[in-house]
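Input: a single structure, listed below in structure tokens.
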Amino acid sequence: MTDSPGPEVEALLRDAEAVGIRASVDPRLAGLELKHPDDLLADLRDAEDHSDVDRR
Amino acid sequence: MGDEDFKTLYLRLGGSIFTYAARRVSPDQAMDVVNNTFEVVLRKRDRSPVDPTQWPAWIMGIAKNQVLQEAQRAVRKHHDNRFIDDFAADQHPSTPDIADLVAFTATGRAIWLDLTPAERQLLDVASVTGLSSDEAAALLGISKTAYTTRISRLRRRLSDLCARHNGSSDREEDRHSA
Chain D
3 MTDSPGPEVE ALLRDAEAVG IRASVDPRLA GLELKHPDDL LADLRDAEDH SDVDRR
Chain V
202 MGDEDFKTLY LRLGGSIFTY AARRVSPDQA MDVVNNTFEV VLRKRDRSPV DPTQWPAWIM
262 GIAKNQVLQE AQRAVRKHHD NRFIDDFAAD QHPSTPDIAD LVAFTATGRA IWLDLTPAER
322 QLLDVASVTG LSSDEAAALL GISKTAYTTR ISRLRRRLSD LCARHNGSSD REEDRHSA
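Following this line, the structure appears as structure tokens:
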């Protein structure tokens, strides 16, 4: 989709992990989970439909 | 942007947006940021950049605004509740410590707490997958050269902080074993 962030950025993220800082935070660490993309899209469409009905 | 593009972008960026947000607001708010960001993406997809390679940066711009809004909401809520809180100090729901979520060792936690807000933001943006250096720099409002210079500086800073914290923990151990 886009070009790579570059070796220096990748090295920074490796350095951070090496000292104990996560490059990415997993929501499950906080007992949460990202929705499945199909569910998210369905929920957002549903909310859109409801707001259309409210507007009418 | 079709439905499949939308789902692919969510799979690719949802975790990065959560990480970006969880370093500023609570995990629950970070999850709201992810969902609200993609709600805006769906609503505004007819106005998304024509070039698909620009979608990740466009979406991260929306996420950045959502984080700011969540942070402002949290401040307002705190302000509204401050008098109630004075009388219910022991009844707060426990808010997970962001540093505990971000770091997985004691040294990592200490280093994270020592980083300045600007250094933390740099690390957050660097960790977003799918962004080029140009896009990451634009998100921070700096030039690509400034971005790469700051990345190098942050690497040195992490190394210095690591040496300092490991040195202090060694001294601590020496004191206990003496």
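The listed protein sequences correspond, in order, to chains D and V. The first sequence lines up with residues 3 to 58 when you count with our numbering. The second sequence lines up with residues 202 to 379 when you count with our numbering. Quick reminder that beta carbons are idealized off the backbone N, C-alpha and C, glycines included.
Next on the checklist: What does the alpha-carbon distance come out to for the pair Ser295/V and Asp204/V?
Outcome noted: In this prediction, Ser295/V has a pLDDT of 44, which is less than 50 and means its spatial position is unreliable; what the coordinates show is noted afterwards. The alpha-carbon atoms of Ser295/V and Asp204/V are separated by roughly 38 Å.
Next on the checklist: Measuring alpha carbon to alpha carbon, tell me which residue in Ala231/V, Arg356/V, Glu336/V, Ala364/V is nearest Asp17/D.
Outcome noted: Arg356/V
Checklist entry - Grouping DSSP H, G and I as helix and E and B as strand, with all else coil, what is Ile23/D? => result strand
Checklist entry - Since Ala304/V sits in a beta bridge, which residues does DSSP pair it with? => result Ile23/D
Next on the checklist: Counting only beta-carbon separations shorter than 9 Å, does Pro294/V have a partner in chain D?
Outcome noted: Residue placement at Pro294/V is flagged as unreliable, the pLDDT there being 44, under the threshold of 50; the coordinate-derived value follows with that caveat. No, its Cβ sits nowhere closer than 9 Å to a Cβ of chain D.
Item to check | Reduced DSSP category for Ser217/V - H, G, I as helix; E, B as strand; rest coil | outcome: helix
Item to check | Anticipated Cβ contact below 8 Å, Gln267/V with Val234/V, distance rounded | outcome: 5 Å
Checklist entry - Expressed to the nearest angstrom, what Euclidean distance is found between the alpha-carbon atoms of Thr317/V and Leu212/V? => result 30 Å
Next on the checklist: Output needed for Asp291/V: all residues of its chain with C-beta closer than 6 Å, excluding positions within five of it in sequence on either side, in chain order.
Outcome noted: Because Asp291/V carries a pLDDT of 46, less than 50, the predicted location of this residue cannot be relied on, and the following value inherits that uncertainty. Cβ neighbours of Asp291/V beyond the five flanking positions: none.
Checklist entry - For Glu271/V, which residues from the same chain have a beta carbon less than 6 Å from its beta carbon, with the 5 sequence-adjacent residues on both sides left out? => result Val226, Gln230, Val234
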